[in-house]
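One structure below.
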Amino acid sequence: MKTLKSRGWSSDEKLKELYYQNRLIFKNNRPYEKYYLKESQDNCLSVLDFYSRQGTKDLEKLGLKGLFKTPKPVGLIKYLLLCSTPKDSIILDFFAGSGTTVQAVMEVNRDHCLNWSFYLC
């Protein structure tokens, strides 16, 4: 997905063309052009929708701004755990810096009625 440039090539004709080709997407009331993976051989985008600054924002919400340089996003850890961890697992965190893994495990347990245990090593 690529944003249409404001006042650039996003003319009425271009928007109509994209609409009829089913390649026009609106996200947050902004038009985007839909691209397919097969059309982009060198710019492969991630399927994960997590921003690198999200971990920092998560810590700011807890009043821990600036305490850790590279905290991981809680949402990313939750996603990875849900994709790869069987029920009733024990999660080991050997690099328990900001506690992101602990928070992710606790939230997944709550939201999905699981019983994962965790240990900070």
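Just so we're aligned, residue 1 is where the sequence shown starts under the UniProt record's numbering, counting upward by one.
Beta carbons are placed, not taken as given, at the ideal position from N, Cα and C, and that holds for glycine.
Cβ-based neighbour list, Met-1, same chain, cut-off 8 Å, excluding 5 preceding and 5 following: Here residue 1 refers to the residue found at position 1 when the sequence shown is read from its first residue. Caution applies to Met-1, whose pLDDT of 45 falls short of 50 and renders its modelled position unreliable; the value that the coordinates give is listed next. Here the set comprises Ile-25, Lys-27, Tyr-32, Glu-33, Lys-34 and Tyr-35.
Through-space distance from Asn-109 to Lys-57, alpha-carbon basis: In the sequence shown, counting from the first residue as 1, residue 57 sits at position 57. In the sequence shown, counting from the first residue as 1, residue 109 sits at position 109. Annotation: Lys-57 to Asn-109 spans about 22 Å, alpha carbon to alpha carbon.
Distance, Tyr-79 Cα to Glu-60 Cα: On the sequence shown, position 60 is the one that residue 60 refers to. On the sequence shown, position 79 is the one that residue 79 refers to. Rounded to the nearest angstrom, the gap between the Cα atoms of Glu-60 and Tyr-79 is 21 Å.
Through-space distance from Ser-11 to Ala-104, alpha-carbon basis: Numbered from 1 along the sequence shown, position 104 holds the residue referred to as residue 104. Numbered from 1 along the sequence shown, position 11 holds the residue referred to as residue 11. Rounded to the nearest whole angstrom, the C-alpha separation of Ala-104 and Ser-11 is 45 Å.
Sequence-distant residues of its chain with Cβ nearer than 7 Å to Arg-7 (five each side left out): Reading the sequence shown from its first residue, position 7 is the one you call residue 7. Its pLDDT being 46, under 50, Arg-7 is placed unreliably by the model, and the measurement read from it follows with that caveat. No residues qualify anywhere along the chain.
Per DSSP, the bridge partner or partners of Arg-30: As a first step, residue 30 must be located in the sequence shown, where it is residue number 30. According to DSSP, which records beta bridges pairwise, Arg-30 is partnered with Lys-27.
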